[in-house]
Amino acid sequence: MKQKYIYLLLAGLLLNSLLPLNSIAQRIAILGAMPEEIQLLESQMTQARTKTIMGFQFKTGKLNGQEIVLSETGIGKVNAAMVTTLVLKEFQPKSVIFTGIAGGISQDLKQGDIVIGSRLTYHDYGDLTNEGLSTNPTRNPITKERNPLYFPSDSGLVSLAIKASKDVTLQKMSAEAAQPNISVGTIVTGDTFVTSSTAVGHFQKTLQADATEMEGAAVAQVCFQQHVPFLVIRCISDKANEKASVDFETFKKIASDNSATLVKEILKKL
Numbered sequence: 020m021k022q023k024y025i026y027l028l029l030a031g032l033l034l035n036s037l038l039p040l041n042s043i044a045q046r047i048a049i050l051g052a053m054p055e056e057i058q059l060l061e062s063q064m065t066q067a068r069t070k071t072i073m074g075f076q077f078k079t080g081k082l083n084g085q086e087i088v089l090s091e092t093g094i095g096k097v098n099a100a101m102v103t104t105l106v107l108k109e110f111q112p113k114s115v116i117f118t119g120i121a122g123g124i125s126q127d128l129k130q131g132d133i134v135i136g137s138r139l140t141y142h143d144y145g146d147l148t149n150e151g152l153s154t155n156p157t158r159n160p161i162t163k164e165r166n167p168l169y170f171p172s173d174s175g176l177v178s179l180a181i182k183a184s185k186d187v188t189l190q191k192m193s194a195e196a197a198q199p200n201i202s203v204g205t206i207v208t209g210d211t212f213v214t215s216s217t218a219v220g221h222f223q224k225t226l227q228a229d230a231t232e233m234e235g236a237a238v239a240q241v242c243f244q245q246h247v248p249f250l251v252i253r254c255i256s257d258k259a260n261e262k263a264s265v266d267f268e269t270f271k272k273i274a275s276d277n278s279a280t281l282v283k284e285i286l287k288k289l
């Protein structure tokens with residue numbers, strides 16, 4: 020009887036070792052566009068394994084008590100949508116969190132502050148007329164119906180992020196800088212790195228934007244159409260003005276780590 024039990028135990032262990040990487044249910048997918056945006060999270064994962072799909076690397080493991088799958092999407096809407104689609108198909112996560120940096124639009128935001136995206140939209144999708152770009156909703160390719168102009172983040176994840184924000188200490192951009200704040204706001208997405216005060220004013224006036232980046236709404240659209248809860252966390256690296264290129268390079272690592280720090284705390288509270 021004892022020998023039979025040992026055989027069954029060994030068989031179970033062997034079967035478990037042969038299970039595919041996507042066999043664990045209820046994983047949380049965490050995505051970031053650039054290496055800097057996911058480095059802190061990757062460095063603290065345990066039981067990490069890597070699976071390559073269509074050239075993209077997906078790392079599975081544990082972080083702060085949660086099973087996660089972590090991946091770098093690359094910059095831009097198409098890359099972000101492609102990796103989001105792959106992670107939903109291959110790993111069936113219960114939710115998706117996108118972490119990274121952004122340009123600040125709201126005058127209330129300073130570099131180092133975090134925006135929890137309550138809703139996301141595109142600033143470069145619509146009708147281009149003599150008066151400029153008129154933004155329109157996208158269309159669901161499956162139902163052929165219009166999507167909402169703004170994709171709403173999962174309210175439960177937003178509430179959890181707000182709760183988690185009370186228990187994190189963010190890095191300051193310099194010794195003289197004020198302690199960063201965390202707020203909830205609107206994030207706009209486009210395939211352009213914004214370095215224009217004129218564009219900043221336009222996004223604020225027409226879209227009530229608080230921050231701008233290059234991936235979030237694409238991730239949101241894929242998740243919205245597939246009914247998967249999502250959340251986008253962004254830390255301000257620059258003010259999307261004429262100094263943005265220099266500030267981006269100077270502060271992208273600290274901003275990336277700040278965003279990842281909040282994501283880690285969210286995982287603790289899930």
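Each residue of the sequence shown is one higher than the last, beginning at 20 in our numbering. Glycine residues also receive a C-beta, built at the ideal position from the N, C-alpha and C atoms. It should be emphasised that the depicted structure is a prediction, and the values quoted were computed from it without experimental measurement.
Closest option to SER193, judged by alpha-carbon separation, among GLU109, GLY122 and GLN130: GLN130. For GLY204, the enclosing beta strand (DSSP E) begins and ends at 201-208. C-alpha of SER174 to C-alpha of GLN240: approximately 16 angstroms in a straight line. Considered as a whole, the stretch 78-145 harbours 85-91, 114-123 and 133-141 as its complete beta strand (DSSP E) runs of no fewer than 3 residues, in chain order.
In its chain, beyond the 5 residues on either side, SER90, THR92 and PHE117 have a beta carbon closer than 6 angstroms to the beta carbon of LEU50. Nearest neighbour of LEU289 by Cα position, chosen from ILE206, LEU176, TYR169 and MET53, turns out to be LEU176. Looking from the CA of GLN58, the closest CA among ALA236, MET73 and LYS78 belongs to LYS78. Sixteen is the threshold: since fewer than 16 other Cβ atoms of the shown chains lie within 10 Å of the Cβ of VAL97, the residue is exposed.
By the Cβ rule, the stretch 140-157 does not count as touching the stretch 69-86, because fewer than three pairs are nearer than 8 angstroms.
Counting of Cβ neighbours within 10 angstroms places HIS246 among the exposed residues, the total staying below 16. Per the coordinates, the alpha-carbon of GLN85 lies some 12 angstroms from the alpha-carbon of GLN66. Ranked by Cα distance from GLY95, the options ASP257, ILE120 and GLY209 are led by GLY209. When ILE252, PHE243, ALA183 and GLU109 are compared, the shortest CA-CA separation from THR231 is found for ILE252.
Each residue's CA atom was taken as its position, placing MET64 and GLN190 some 21 angstroms apart. Our two residues, LYS271 and GLU55, have alpha carbons roughly 8 angstroms apart in a direct line. One alpha carbon belongs to LEU152, the other to PRO167, and they sit about 18 angstroms apart. Ranked by Cα distance from SER264, the first of SER216, LEU107 and THR157 is SER216.
Cβ contact annotation for ARG158 (same chain, cutoff 6 angstroms, sequence separation greater than five): ARG165, in chain order.
Between the beta-carbon of ALA121 and that of GLU284 there is about 19 angstroms, and that puts the pair past the 8 angstroms contact cut. Residue pairing by DSSP places PHE75 opposite ILE72 in a beta bridge. In the three-state scheme derived from DSSP, where H, G and I count as helix and E and B as strand, VAL251 is classed as strand.
With respect to the 8 angstroms criterion, VAL238 and PHE222 are not classified as neighbours on the basis of their beta carbons. Less than 8 angstroms separates the beta-carbon of ARG46 from that of VAL88. Counting along the chain, no alpha helix (DSSP H) covers GLU164, and no H or E run does either. For LEU59, the secondary structure class from DSSP, reduced to helix, strand or coil, is helix. Judged by DSSP in its simplified three-state form, PHE212 adopts coil rather than helix or strand. Contact between LEU226 and THR205 holds, with the beta-carbon distance rounding to 7 angstroms and staying under 8 angstroms.
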